[in-house]
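Right, one structure below, let's go through it.
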Amino acid sequence: MKVLQITNVSFTVKKFLLPLVNEMIEQKYDVHIACYKDETGYEIEKDGYIVHHIPFQRNLNVFSHLKSMVALVKLIRKERFDIVHSHTPVASLVARVSARLANVPLIVYTAHGFYFHENMKPIPYKIIYLLEKIWAKYFTDKLFFQSKEDYELAVEKGFQKPANLIHINNGVSGDRFDPELYSRVKSRESLSITNEKVIMFVGRLVREKGIVELIEAFHLVLKEIKDATLLIVGDSVTGDRDGMNVEQLIQSMPIETKERIQLLGMREDIPELLCAADLFVLPSYREGLPRSIIEAMAMGKPIVATDIRGCREEVFPDVNGYLCKAKDSNSLANAILKIMKDESNLKRFGENSRKLFLEEFNEIVVLERQMKVFNEFREERSITKRPRK
């Protein structure tokens, strides 16, 4: 059975989709990938994966989307895929129409977080909400949801028949993200850190991740915790609409602040870096069910995040961290200080994060929920294709 996994850029494939791709290959599916194939895409291809170059755009240029659709329909018809599974909002709008035009038997969309959200202005919210609902109803057979809030909204508003709406959650590998496997001393030595209190952020360096508020909040934190250090891990990726020059922003801060910030760029050693941290922070404006928080929970870290969809499903006030207001550096700083100034909070919240991860966010369970849908479909197809006696 042939499957096409579709997303905007190869960065998403590498960071988020390969566990599912690998599981499908392990279970004897013929899996292809379609995305904008940049340097990362060619690296993935060298590792033995089949990657097709489809240049998706993240803007409202209808002509660009039509070009992507034509290319995708040609690819799907040529390869005769049984399943098309799409990810990321804009690419999924194009992919699902293309799959329907090419008569693909099963069209699946994973909502990693609906693009409409509570902090949007009413008109953009209504437009994007309507698009998602129309596409769910007419161009999608099964919808997977990482966020329970998204799932409940889709059920309540009748996006599809309830049986076609599946809450899969999100997760990471408990084999890799395990604090017992790493040395805090060695991790800190590699960063030239000794006894400082370390705050860590991981994510794309774009405005909607709350980078501006994070740096402003850190400046406020330093007034009370002089030896605090901020680790910023990540970079912008191909197609980002609101990428920013974070290095320039850091340099604009007072010297005592910018000297306490390490801008680490893209890293593959996230578990080791988390091992060195005391607190994980994600001040986003919009999320689905953020994987970065799950990684920090798996490594036993307390969390500060914004009070938005997704984060509310991972961070429980006074249990494993605190929630703060979005776009509010003062609220963020206060939440950080509330944890960092209390050693008992740091220890208790970190232990609770690890327990919550083991109960709710292990990658194995998330993969099983998705594979159940695909395997049931494969079984149904094999029955209908069997010759009659």
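Numbering (our numbering), first residue to last: 1 to 389.
C-beta atoms are modelled at their ideal positions from N, C-alpha and C, and glycine is treated no differently.
For clarity, every value in this text was computed on a predicted model and none was experimentally measured.
If the five residues before and after residue 187 are omitted, its C-beta is found closer than 6 Å to the C-beta atoms of 272, 275 and 276, all from its own chain and listed in chain order. Secondary structure of residue 40 (DSSP, three-state): helix. Check the Cα spacing between residue 164 and each of 113, 177, 139 and 71: the tightest is with 139. Just measuring C-alpha positions, the residue of 35, 12, 145 and 235 sitting nearest residue 72 is 35. Contact annotation: residue 143 and residue 110 have beta-carbon atoms nearer than 9 Å. Secondary structure in the stretch 123-180: the alpha helix (DSSP H) runs of 4 residues or longer, each lying completely within the stretch, are 148-156 in chain order. Put simply, the backbone Cα of residue 224 is about 22 Å away from that of residue 249.
Just so you know, the alpha carbons of residue 215 and residue 299 end up roughly 24 Å apart. Counted as a single uninterrupted DSSP element, the beta strand (DSSP E) harbouring residue 305 occupies residues 303-306. The Cβ neighbour count for residue 66, taken over all protein chains shown within 10 Å, is under 16; the residue is labelled exposed.
Of the residues 149, 137, 29 and 92, the one whose Cα lies closest to the Cα of residue 288 is 149. Taking a C-beta distance under 9 Å as the contact criterion, residue 137 and residue 159 qualify as a contact pair.
Within its own chain, the residues whose Cβ lies closer than 8 Å to the Cβ of residue 339, once the five positions on either side in sequence are excluded, are 279, 302, 304, 321, 322, 345, 346 and 349, listed in chain order. With fewer than three CB-CB distances shorter than 8 Å, the stretch 196-203 does not count as touching the stretch 165-176. Residues of the same chain with a CB within less than 8 Å of the CB of residue 313, apart from the 5 flanking positions on each side, are 147, 148, 149 and 289 in chain order.
Annotation: residue 218 to residue 128 spans about 34 Å, alpha carbon to alpha carbon. Looking at 381, 286 and 43, the one whose alpha-carbon comes closest to that of residue 13 is 43.
Between residue 7 and residue 87, the C-beta spacing is below 9 Å.
Judged by their CB atoms, residue 270 and residue 233 are nearer to each other than the 9 Å cut-off.
Cβ atoms of residue 76 and residue 70 stay farther apart than 8 Å, at about 11 Å. Look at residue 106 here: in three-state DSSP terms it is strand. Per DSSP, residue 66 lies in no beta strand (DSSP E) segment; the continuous alpha helix (DSSP H) that holds it begins and ends at 62-79. Taken atom to atom, the span from the alpha-carbon of residue 379 to that of residue 48 is near 27 Å. Taking C-beta separations shorter than 6 Å and ignoring five residues to either side along the sequence, the partners of residue 145 in its chain run 111, 151 and 167, following chain order.
C-alpha of residue 332 to C-alpha of residue 281: approximately 9 Å in a straight line. If you draw a straight line from the Cα of residue 104 to the Cα of residue 297, it is about 38 Å long. A check of alpha carbon separations from residue 366 across 211, 212 and 174 identifies 174 as the nearest. In this model, residue 257 and residue 211 are separated by some 15 Å (Cα to Cα). Around the beta carbon of residue 10, 16 or more other beta carbons lie within 10 angstroms, which makes this residue buried.
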